[in-house]
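K.L.:
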Amino acid sequence: MAQVKKTQRSLHVKKGDLVRVIAGKSKGLEGKIISVLPEDEKVIVEGVNRVKKHTKVQQAQRGGTTGGIVTQEAPIHVSNVMLIVEITDADGKKQKVTTRVGYNRVEVQKRRPDGSTYTGFRSVRISRRTGEEI
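Written as structure tokens, this is what we have:
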């Protein structure tokens with residue numbers, strides 16, 4: 043039977059983004075993205091979806107042993123997280139809100155190796171709730 047190759051999609055979150063879990067057993071928790079697994083469409087979020095992993099006891103260098111029960115973060119599907127941005131209220135208070143991610147093409151000045159400049163475009167992520175660049 044032939045294997046079906048999955049196409050790799052671009053994800054709406056990146057490593058280092060602050061996200062809130064919107065579905066699953068960790069719903070409502072917030073954390074920073076530790077790593078992104080685009081081929082599986084999953085992310086690992088700090089302090090979210092923690093599981094206990096039983097590792098085999100092994101002999102380490104200098105006579106020490108490693109192993110036992112280790113608690114670590116497991117991957118969570120990217121559709122179950124939403125990006126968090128900070129907005130300022132009318133009172134001047136900063137507030138964290140979730141937002142969808144949009145993309146905008148902005149004009150930038152680029153430089154060629156010979157020193158001449160030209161106008162190019164680059165894609166930037168924007169917050170759908172505030173319209174500001176992320």
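Residue numbers (my numbering): 43 to 176. All residues carry an ideal CB built from backbone N, CA and C; glycine is no exception.
1. Kindly indicate which three-state DSSP category S68 falls into: helix, strand or coil?
2. Is it true that the CB of L53 sits closer than 8 Å to the CB of E72?
3. Could you check how far apart the C-beta atoms of T140 and Q151 are, in whole angstroms? I think they sit under 8 Å.
4. What does a CB cutoff of less than 7 Å around Q101 pick up in its chain, not counting 5 residues either side in sequence?
5. Give, in chain order, every unbroken run of the alpha helix (DSSP H) that is at least 4 residues long and sits entirely within the stretch 92-167.
6. Buried or exposed, going by whether 16 or more other CB atoms sit within 10 Å of the CB of R147?
7. Taking just the CA atoms, how far does V87 sit from I75?
8. By a C-beta neighbour count over all protein chains shown, 10 Å radius and 16 as the cutoff for buried, is L125 buried or exposed?
9. What does the alpha-carbon distance come out to for the pair I118 and D156?
10. Judging by CA-CA distance, which residue of N91, V143, V93 is the nearest neighbour of S169?
11. Please state whether the Cβ-Cβ distance between K136 and T113 is less than 8 Å.
12. Assign V175 to one of three DSSP states: helix, strand, or coil.
P.N.:
For this structure:
1. coil
2. Their beta carbons are not under 8 Å apart, which means E72 does not touch L53 by this criterion.
3. With 8 Å as the limit, T140 and Q151 do not qualify as a contact, their Cβ atoms being about 34 Å apart.
4. Annotation for Q101: T107 place their beta carbon closer than 7 Å to its own, counting only its chain and skipping 5 residues before and after.
5. Runs of the alpha helix (DSSP H) inside the stretch 92-167: none found.
6. Exposed, by the Cβ-count rule.
7. 4 Å
8. Buried, by the Cβ-count rule.
9. 46 Å
10. V143
11. no
12. Position check: residue 175 holds Glu in this sequence, whereas Val was assumed. Strand.
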